[in-house]
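Everything below concerns the one structure shown next.
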Amino acid sequence: MFDAERIRRDFPILSTASHGKRFVYLDSAATSQKPKSVIDAIVDYYNTYNANINRGVYEISERATDAFIASKEKLAKFIGAHGIEETIYVRNATEALNLVALSWGERNIKSGDHILITEMEHHSNIVPWQMLAKRKGAVLDYVKLTHGMAYLDMEDLEAKLEKSPKLVSVTHVSNVLGTVNDVKRITKLAHECGATVLIDGAQSVPHMRVDVAAIGCDFMALSGHKMLAPTGIGALYGRRELLEAMEPVLGGGDMIRSVSMHGATWNDLPWKFEAGTSNIEGAIGLGAALDYLDGIGMDSVREHEQELTRYAMDRFSEINAVSVFGPPASDIENRSGVMAFAIKGVHPHDVATIFDREGIAIRAGHHCAMPLVTQLVTEKALSRMSFYIYNTKEDVDRVVDAVGVVKRIMRIKD
Ligand code: PMP
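In this note's numbering, the protein residues as written are 118 to 531.
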C-alpha cells in the first residue's frame, strides 16, 4: 500500500518547519527532496571508500568503481536501455541535450536542414538547437499547441514532418502544462520521415515508468536531482550504434584508449563521453535513489501523483479566481503532477511569497519556458506546484487554504 505519510518520514527536510508551520514542498519539478538513504549512501562513500574510479587497484578504489558501475546498471535497467554502454553520465538533462547537439548535431546537421522541436519545450531543449541552427545555417521549426494550448497539435507535427527534419526533439512531459506527450507515436511518425528522435525525459523519468526501448527513441535526457538523487548527476541515453558513430565533445582522462604525441584513440562506450573524474558521489546517490524508487514501484508513483492531481484540480475547480493550465482533470491519463495556475488579479510572485509565509514552497515565473509562458499569460509568469511521492492530500488542502489567504490579502473576490 502506498503510504505518503510514511514516505514523508524518509525525507529529513520534510520534518523541518517553515515559518513555524509544517513544511509543504511543492516544487519537485524544479528539484526533488532527498531521502535519508540517498544522503546516507553519499556520506558512507566519503566516510568509508572515497577514491577515484576506474584506475586504482586498491580495495576502496575498486569498491568505488563497483558502486559507480552498479549505479549505471541500475539506471540502464530503470529506463530499459540495453546496458551501461548506452548510459552516459553528465551533469544534468541540459548537458545531455547539449551533448547531442554538440556531437550528433555537429556531424549530422547541415545548412538548410530542419530541426523540429515544440512550443512547450524547456529552454534546455530550445537554446542548444538555436545555437546549432545558427552555426550550421539550419532551420528550427516548432510544433504548435492546440486545445487551449494544452496539447501538441499532432496535425501540425505531421505537416512539419513533411519537411523531413533531421532531428525531432520533444519533451515527454511539459514542466509547465503537465502534458504527457505520446512520445511513442511521435517517435514512430518521426522515424517514418527519417528523423532521429531525442526525448527530454527530465519531467517523466522521475514520475512514471519510462522504457526507452518501448518508446523507440534514439536519445533521452534526464536529470538525477529531479528523482531523489543529488544535483550534478544526469544522464544521456543513446542507442549504441548512434553513440558509437559520434565523436566525443570533451577530451581528457578516461575518455581515451591511447594517446601519442600526435593523436589519440577513444575509449569504449560509455567512457568515450565521460572525460575527467566523474561525479562519483552523484552516481552513488543516483544508485540509491533508483533503489528507493524501485522499492515503491513507478506505477505506484504515477498513481499517487494522478490521485493528488485529480484532487487538487477538483478543489481548485471550487475557486472561480483560480485557473489551471494544461489538460483538464477529465484527461488525467495525459497529465503529470505538474500544475501551473493563476489567481485572477494577483501576480504569481505575490502568490508564491504569500504561500511561502504559509509554509508552502511553490515556484513562480517563466519556468524556463518563455516561448510557452509568454503565449499563455500577459504577465509572462505563472505559479506552479508540482507533486511527488511525499506529497499528501493534506498538502493540497493547505494550498487551498493559502489561496484563501492570498484572496484576503489581495482583496480578490471570487
Ligand atoms: N527539461 C525539462 C522539461 C525540465 O523541466 C528541466 C528542468 N526544469 C530541464 C529540461 C533541465 O533540467 P536541468 O536543469 O536539471 O538540466
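Glycine is no exception: its CB is placed at the ideal position from the N, C-alpha and C atoms.
In the three-state reduction of the DSSP assignment, D467 falls in the helix class. The shortest CA-to-CA distance from F119 to any of Y175, G370, D531 and G414 is the one to G414.
Proximity of the stretch 139-151 to the stretch 358-376 falls short of the contact definition, fewer than three beta-carbon pairs being nearer than 8 Å. As a beta-bridge residue in DSSP terms, R139 pairs with A134. Distances taken from the Cβ of T296 to the heavy atoms of ligand 1 include none shorter than 8 Å. About 17 Å separates the beta carbons of L216 and L403, which is beyond the 8 Å limit, so they are not a contact pair.
Residue pairing for A481: DSSP places it in a beta bridge opposite S500. DSSP, reduced to helix, strand and coil, places T394 outside both helices and strands of the structure shown, so it counts as coil. Relative to ligand 1, even the nearest heavy atom lies 8 Å or more away from the CB of N451.
Proximity of the beta carbon of A338 to ligand 1 is indicated: a heavy atom of the ligand is located closer than 8 Å. The Cβ atoms of S286 and D317 lie closer than 9 Å to each other. Rounded to the nearest angstrom, the gap between the Cα atoms of A181 and Y163 is 10 Å. Put simply, of V516, V207, H324 and G341 the residue whose alpha carbon is nearest the alpha carbon of T470 is V516. Comparing alpha-carbon positions, the option among R326, T491, S241 and W388 lying closest to R419 turns out to be R326. Straight across, the Cα-Cα distance linking R432 with T296 is about 20 Å.
Under DSSP, F336 forms a beta bridge with L315 and G355. Between the stretch 387-397 and the stretch 243-263, the count of Cβ pairs shorter than 8 Å is below three; the stretches do not touch. The closest heavy atom of ligand 1 lies 8 Å or more from the beta carbon of A498.
With 16 or more neighbouring CB atoms inside 10 Å of its own CB, G454 falls in the buried class. For S220, no alpha helix (DSSP H) segment is defined, and its DSSP state is neither H nor E. If you draw a straight line from the Cα of F195 to the Cα of I401, it comes to about 15 Å. For ligand 1, no non-hydrogen atom lies closer than 8 Å to the CB of D385. What you get when you keep residues with a C-beta closer than 5 Å to any heavy atom of ligand 1 is N209, A210, T211, H239, S241, T288, N292, D317, A319, Q320 and S340. Contact between A213 and L353 is confirmed by a C-beta separation of about 4 Å, below the 8 Å threshold. Residue state for H308 is assigned as helix, using DSSP reduced to three classes. In the displayed model, Y166 falls within coil according to three-state DSSP, outside both helix and strand. Distance from the CA of D144 to the CA of A198, rounded to the nearest whole angstrom, comes to 29 Å. Residue pairing of F458 in beta bridges, as defined by DSSP: V441 and S500. If you ignore the 5 residues before and after I373, its C-beta comes within less than 8 Å of the C-beta of A381, T382, W383 and N384, all in its own chain and listed in chain order. Judged by pairs of C-beta atoms under 8 Å, the stretch 166-176 does not touch the stretch 500-512, as fewer than three such pairs exist. Residue pairing by DSSP places H342 opposite no residue, since no beta bridge is assigned to it. The Cβ-Cβ distance between T304 and E238 does not fall below 9 Å.
G355 sits away from G399, with the two beta carbons spaced by 9 Å or more.
The C-beta distance from H483 to K497 rounds to 6 Å, short enough to fall under 8 Å. The alpha-carbon separation between Y409 and D127 amounts to approximately 10 Å.
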